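Encoded as structure tokens, the structure appears first; notes follow it.
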């Protein structure tokens with residue numbers, strides 16, 4: 605449930621889990637606020653908002669990804685830490701909600717508080733300032749019409765089904781991963797253009813510590829259902845909906861896997 609308290613906004617009773625599993629999942633209270641420099645911050649307090657154990661996210665450096673109907677992945681990456689080490693860092697947590705309405709409210713709050721920090725100035729008003737989102741690296745390289753056609757095609761379940769039912773093809777991928785399971789064991793794997801997520805499942809079965817399945821089309825929603833249907837692997841696969849050029853993952857990858865052939869080896873020529 606969210607509550608407005610002065611210049612803060614609170615969300616209580618959320619479930620927080622560290623992606624790196626450095627700590628057991630815990631119930632927390634989330635608080636959005638502006639700090640003295642005008643930066644928007646998200647504080648996660650263990651228990652209520654007076655708890656001592658707190659995680660602090662700078663929203664300007666934080667991405668939010670919906671990984672299920674009741675869960676977000678929060679990922680902060682920065683070129684410089686806010687502590688004495690002054691080294692680049694990245695971290696991520698998942699936050700779970702009891703209802704989809706609570707999840708939607710949190711998402712709106714995240715966007716609202718992030719926008720409050722943009723254009724902040726201590727020296728004067730920014731009333732006439734215009735704010736524009738940075739252009740994606742993907743958009744610099746690819747024609748929008750080609751990208752739209754490509755993602756629409758691969759976002760249809762029928763075409764993914766046709767590829768999965770090519771048993772020689774799918775079996776070859778499975779054999780390639782499982783016969784090299786030593787290379788996957790304990791590693792962080794990124795599945796680029798994951799589609800249905802089948803290669804991500806293979807990588808997890810081969811012993812990967814964690815797999816990030818990156819998919820920009822609507823197929824990401826089906827991939828999430830596939831992961832949810834495999835409880836033994838569910839905690840080791842994270843579906844990230846977005847273009848690989850635009851996302852920042854919470855940890856460095858040891859292995860990249862991808863399916864470069866497309867449908868009969870020709871559809872990828874759209875791009």
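Numbering (this note's numbering), first residue to last: 605 to 875. Note that CB positions come from ideal geometry on N, CA and C, so glycine has one too. Quick caveat: nothing in here was measured; it's all calculated off a predicted structure.
Reference residue i; option with closest CA among the options
i: residue 789; options: 809, 672, 856, 677; result: 809
i: residue 715; options: 637, 824, 787; result: 637
i: residue 823; options: 807, 802, 814, 680; result: 802
i: residue 792; options: 709, 859, 673; result: 859
i: residue 843; options: 830, 834, 818, 854; result: 818
i: residue 649; options: 632, 720, 800; result: 632
i: residue 812; options: 704, 828, 795, 825; result: 795
i: residue 782; options: 806, 797, 857; result: 806
i: residue 670; options: 634, 709, 786, 834; result: 709
i: residue 644; options: 717, 862, 771, 634; result: 717
i: residue 713; options: 800, 785, 658, 615; result: 615
i: residue 848; options: 664, 862, 836, 771; result: 862
i: residue 658; options: 635, 704, 774; result: 635
i: residue 642; options: 719, 769, 780, 820; result: 719
i: residue 856; options: 681, 625, 703; result: 681
i: residue 851; options: 651, 772, 820; result: 820
Through-space distance from residue j to residue i, alpha-carbon basis
i: residue 700; j: residue 846; result: 20 Å
i: residue 675; j: residue 707; result: 7 Å
i: residue 646; j: residue 639; result: 10 Å
i: residue 828; j: residue 672; result: 7 Å
i: residue 778; j: residue 613; result: 47 Å
i: residue 711; j: residue 775; result: 40 Å
i: residue 617; j: residue 837; result: 26 Å
i: residue 739; j: residue 664; result: Below a pLDDT of 50, predicted positions are generally treated as unreliable, and residue 739, at 49, falls in that range; no measurement from the model is reported.
i: residue 839; j: residue 832; result: 9 Å
i: residue 780; j: residue 773; result: 11 Å
i: residue 705; j: residue 787; result: 42 Å
Proximal residues to residue i (C-beta, below 7 Å), its chain only, five neighbours per side dropped
i: residue 678; result: 661, 666, 668, 696, 697, 699
i: residue 629; result: 619, 620, 621
i: residue 770; result: none
i: residue 884; result: Since the first and last residues shown for the chain are 605 and 875, residue 884 lies out of range.
Unbroken alpha helix (DSSP H) run spanning residue i, endpoints
i: residue 773; result: 771–782
i: residue 786; result: 785–788
Neighbour flag for residue i against chain D, beta carbons, 8 Å
i: residue 814; result: Although the question refers to chain D, the structure presented lacks it and comprises just one protein chain.
Close-in-space but distant-in-sequence residues of the same chain around residue i (CB under 6 Å, 5 per side omitted)
i: residue 804; result: 795, 798, 815, 817, 841
i: residue 853; result: 816
i: residue 623; result: 696, 854
i: residue 785; result: 810, 811
i: residue 732; result: Any reading at residue 732 must be qualified, since the residue scores a pLDDT of 31, below 50, and its modelled position is unreliable; no value is offered.
i: residue 626; result: none
i: residue 651; result: none
i: residue 724; result: Only weak support exists for where residue 724 lies, its pLDDT of 39 falling under 50; the coordinates are left without a value.
Neighbourhood of residue i by C-beta, 8 Å cutoff - its chain only, sequence neighbours within 5 removed
i: residue 869; result: At residue 869, the pLDDT of 47 sits below 50, so the modelled position is not reliable; the number obtained from the coordinates is stated separately. Answer for residue 869: no residue qualifies.
i: residue 703; result: 674
Discussion item. Going residue by residue through the region 628–685, where are the continuous beta strand (DSSP E) segments of at least 3 residues, counting only ones entirely within it?
Written reply: 630–638, 644–650, 658–662, 666–672, 675–682
Discussion item. To test your reading of the DSSP string, which unbroken beta strand (DSSP E) runs of 3 or more residues are found completely within the region 795–863?
Written reply: 814–819, 841–845, 859–862
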